[in-house]
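Chains as they are written, first to last, in the working numbering: chain X, 661 to 1160; chain E, 13 to 137.
C-beta atoms are modelled at their ideal positions from N, C-alpha and C, and glycine is treated no differently.
Written below as structure tokens is the structure these notes are about.
Listed below in structure tokens is the structure:
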């Protein structure tokens, strides 16, 4: 049944074209078609994931050109989990975007293209094909960021475009080095041939350096994160939720895939510098991201800097390179998508209802919007890593892995990251629950809104779909921690292959 | 692989395309960072990407080899990097189009293309 794998990519792409053509006939047909496509995508991704966990590895050869000559699509446990995440989160955000988001058909077409591009990055087994999908995801993400109505989103999108393209180009340059050394682009073939060339050779090391730095930019590792706060804060609310949940997540997945599948742990064992690069990126990101998050006054910017710090943790899990830490990295990667996506959506929900976009405006929020404030608090605590939430389990495994590998300084930073995260979330929760609003509560319509969007113009009433998406994220973040142990068992065979 | 005994002059002469690649990468990166004009930043981006295209094409070059068309006698130039770069050029063109579209919107909104002026205008937001 490996024939189903290409449909994972093709379905959203075809649906995007359908949405565009439907827009020629009638306006605002984008949402129902996108939901249908999303439901189909979730069902397909779920089915393929079940097959993958049964078989261990599914491979599909595109166009009948046998690998390593043709493009191969490969699914293993890790990619199956990320594909299901992409399908589910993109469907969930559609529920939110019905009233909150831009509503044109062009928006939904771009949305579906981004889903297709991200899925492509995950399933492809060919490094150049991955570049193409990275650029598809990149282009559509820039367009989505620019879909806000203000000039701010256009500036943010242009900055994102320039920095993001440099990242993708560096990745391409790295692929070029690997190709010159080996004459192949297939992931499985590359890992064998790179080892034949010799991991210590300058060519291989340069290839890794370019690919890693390129993906660092895409993942937004400090100090290469500069595009991210601007892009997340400048985008419309549903878009920031979407790209914060999925885009960097997918590129972090790509980094894991390239590091473990193409370069293999043997490369890191031989080239100490490569591992140091990962560890340094992780440590600097965790600390600097948190410090920058504390210094922000705008909620969405704060959440964006928090992403820098959380992806440092995922990077740490990768750099430790034992099974426990990798389980932790995977769980935190998936969990971060749910938590951070939910937090951005909650921030958008609160902004829609009250116009509050600054931290100081959150005072006494729990009385005005008890459900939204509650969901925000649950997601924030999960991000901090309070047991038994999803965020706790991921961090716990990563820290445990670091201890097992006896990387004490890294273990200390990972544990400290919990406190650092608490530093910027605690003050928000404190404001929401333990402070009275500074003055008599202003009417929502009279609140000066720095970023008027379509929803406020409609009267500023958040819809049921918006609440549903936020509450679903909060419930998942609180409950899914219990599902991690069976998930780790499912993931076990995949990680053994990755680490061998 | 590189014959270091040949000296730097010979090395540059035989690897002039690789030198050109990294010259283009450097120029592109410099323009992107140093030029305050948004359009020039995009031009810098294009130069940067062109450097990478050249890098791939150079890697396919085989001295004295024929086009990869079956009527010629071998050895052939490797066709694969050309195909890859064709794809990458398409990606580059779309990126440029999106970037220029964004620049048009920024100009409509703020009436400037200079990054430093833009920063000043936007502090009032």
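Is the closest heavy atom of the ligand MN to the C-beta of residue i under 6 Å?
| i | result |
| --- | --- |
| residue 930/X | The ligand MN is not part of the structure shown, which contains no ligands of any sort. |
Residue i: which of the options sits nearest, CA to CA?
| i | options | result |
| --- | --- | --- |
| residue 62/E | 719/X, 933/X and 826/X | 826/X |
| residue 671/X | 760/X, 710/X and 777/X | 777/X |
| residue 51/E | 678/X, 822/X and 749/X | 822/X |
| residue 942/X | 1074/X, 828/X, 1130/X and 995/X | 1074/X |
| residue 780/X | 798/X, 1004/X and 678/X | 798/X |
| residue 101/E | 47/E, 34/E and 69/E | 69/E |
| residue 892/X | 907/X, 688/X and 767/X | 907/X |
| residue 128/E | 35/E, 23/E and 45/E | 45/E |
| residue 846/X | 731/X, 700/X and 876/X | 731/X |
| residue 1094/X | 1024/X, 1056/X and 1158/X | 1024/X |
| residue 765/X | 897/X, 678/X and 1060/X | 678/X |
| residue 1040/X | 662/X, 995/X and 684/X | 995/X |
Between the C-alpha atoms of residue i and residue j, what's the straight-line distance to the nearest angstrom?
| i | j | result |
| --- | --- | --- |
| residue 49/E | residue 854/X | 42 Å |
| residue 811/X | residue 754/X | 24 Å |
| residue 54/E | residue 919/X | 31 Å |
| residue 1030/X | residue 997/X | 24 Å |
| residue 860/X | residue 119/E | 50 Å |
| residue 31/E | residue 885/X | 30 Å |
| residue 952/X | residue 962/X | 8 Å |
| residue 1006/X | residue 1036/X | 6 Å |
| residue 123/E | residue 111/E | 17 Å |
| residue 690/X | residue 869/X | 42 Å |
| residue 772/X | residue 748/X | 13 Å |
| residue 946/X | residue 971/X | 8 Å |
| residue 712/X | residue 721/X | 16 Å |
| residue 651/X | residue 783/X | The requested residue 651/X is not part of the displayed model; chain X covers only 661 to 1160. |
| residue 865/X | residue 931/X | 8 Å |
| residue 880/X | residue 939/X | 15 Å |
| residue 707/X | residue 125/E | 50 Å |
| residue 895/X | residue 718/X | 37 Å |
| residue 104/E | residue 792/X | 11 Å |
| residue 87/E | residue 74/E | 8 Å |
| residue 1/E | residue 28/E | Outside the shown range of chain E (13 to 137) lies residue 1/E, about which nothing can therefore be said. |
| residue 1141/X | residue 876/X | 28 Å |
| residue 82/E | residue 76/E | 16 Å |
| residue 725/X | residue 914/X | 24 Å |
| residue 121/E | residue 1085/X | 35 Å |
| residue 1008/X | residue 898/X | 7 Å |
| residue 934/X | residue 1068/X | 19 Å |
| residue 1050/X | residue 760/X | 27 Å |
| residue 800/X | residue 770/X | 6 Å |
| residue 132/E | residue 955/X | 22 Å |
Please confirm whether residue i and residue j have their CB atoms less than 7 Å apart.
| i | j | result |
| --- | --- | --- |
| residue 851/X | residue 922/X | yes |
| residue 1081/X | residue 1043/X | yes |
| residue 609/X | residue 64/E | What the structure shows of chain X is the stretch from 661 to 1160, and residue 609/X is not part of that stretch, so it cannot be assessed. |
| residue 745/X | residue 702/X | no |
| residue 841/X | residue 857/X | yes |
| residue 985/X | residue 1122/X | no |
| residue 795/X | residue 757/X | no |
| residue 912/X | residue 999/X | no |
| residue 1062/X | residue 1071/X | yes |
| residue 830/X | residue 909/X | no |
| residue 1022/X | residue 1087/X | no |
| residue 114/E | residue 806/X | yes |
| residue 1148/X | residue 987/X | yes |
| residue 735/X | residue 674/X | no |
| residue 1065/X | residue 982/X | yes |
| residue 949/X | residue 882/X | yes |
| residue 737/X | residue 1151/X | yes |
Can you tell me the Cβ-Cβ gap for residue i and residue j, rounded? I've got them flagged as a contact below 8 Å.
| i | j | result |
| --- | --- | --- |
| residue 787/X | residue 838/X | 7 Å |
| residue 1143/X | residue 117/E | In fact, because the Cβ distance is near 44 Å, the residues do not count as touching under 8 Å. |
| residue 937/X | residue 872/X | 6 Å |
| residue 95/E | residue 79/E | About 14 Å; that fails the 8 Å criterion. |
| residue 967/X | residue 904/X | 6 Å |
| residue 965/X | residue 889/X | 6 Å |
| residue 696/X | residue 668/X | The pair is not a contact, with the Cβ atoms about 16 Å apart (cut-off 8 Å). |
| residue 819/X | residue 887/X | 5 Å |
| residue 1133/X | residue 1001/X | 6 Å |
| query | In chain order, what residues of the region 770-804 of chain X put their CB closer than 7 Å to some CB of chain C? | reply | Reference to chain C is not applicable here, since the protein chains of this structure are X and E.
| Taking only runs of the alpha helix (DSSP H) that begin and end inside the region 735-818 of chain X, which ones reach a length of at least 4 residues, in chain order? | 737-760, 765-783 and 787-805
| task | Any chance you could list the alpha helix (DSSP H) runs of at least 4 consecutive residues sitting entirely within the region 833-913 of chain X, in chain order? | result | 847-857, 862-879 and 887-894
| said: Please give me, in chain order, every unbroken run of the alpha helix (DSSP H) with length at least 4 that falls completely inside the region 1023-1102 of chain X. | reply: 1025-1028, 1030-1044, 1050-1064 and 1068-1094
| Within the region 21-69 of chain E, ranges of the alpha helix (DSSP H) (whole runs, at least 4 residues) | 28-46
| field | Contained alpha helix (DSSP H) runs [length at least 4] in the region 61-135 of chain E, N- to C-terminal order | value | 92-122 and 127-134
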